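Per the numbering used here, the very first residue in the sequence shown carries number 3; after that it's consecutive. Structure record follows, encoded as C-alpha cells.
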Amino acid sequence: QRQLPAITPLEREVNAAYKFPYHCKALVDAHHQCLSSSTSWTQCNASRDAMDACIEEGERKMFYLQTQCSRRKSLFMACVLNQGDCESKLLDLLHCTREALQKMGTAS
Numbered sequence: 003q004r005q006l007p008a009i010t011p012l013e014r015e016v017n018a019a020y021k022f023p024y025h026c027k028a029l030v031d032a033h034h035q036c037l038s039s040s041t042s043w044t045q046c047n048a049s050r051d052a053m054d055a056c057i058e059e060g061e062r063k064m065f066y067l068q069t070q071c072s073r074r075k076s077l078f079m080a081c082v083l084n085q086g087d088c089e090s091k092l093l094d095l096l097h098c099t100r101e102a103l104q105k106m107g108t109a110s
C-alpha cells in the first residue's frame, strides 16, 4: 500500500490560506450558546453579527484567492493527481497566494 508523502511547510502555508475560516469557531460556538440560553434570538444579535463578520471576511479572502490564483491552483492540483514533481507548481501557487494576500492586506 502506497504511503502519502508528508506535507511540507510550503504546502501547509497554501492549505492554510485556502481553508474555510475555522478561526471563527469560537464566535460560532458563542452564538450557538447564546441562542440555547436565551428566550429570544434577538438577544443574540451581537454574537450573530460578530460571527457573520468573521465568516464573511474569510469568505472574501478565499474568493479573492480563487479569482487571483485559480489557474496556478489548477495546474498544481493536476500535477499532484498525475503524481508528478510538483515543487515548481507549488512555488508558483504559493507566490501567487502570498502576492494576493499582500494586495489584500491580509496575512495567511
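Beta carbons are placed, not taken as given, at the ideal position from N, Cα and C, and that holds for glycine. All values reported here derive from a predicted model rather than from experimental measurement.
Comparing C-alpha distances from residue 75 to each of 16, 45, 53 and 9 shows the shortest one belongs to 16. Taking each of 92, 83, 46 and 23 in turn and checking the Cα distance to residue 65, the smallest one comes out for 23. In summary, residue 29 is buried, with 16 or more beta-carbon neighbours lying within 10 Å of its beta-carbon over all protein chains present. With fewer than 16 other CB atoms across the displayed protein chains lying within 10 angstroms of its CB, residue 105 is exposed. Note on the region 22 to 98: whole alpha helix (DSSP H) runs with a minimum of 4 residues are 27 to 39 and 47 to 83, in chain order. Ranked by Cα distance from residue 101, the first of 67, 90, 81 and 86 is 67.
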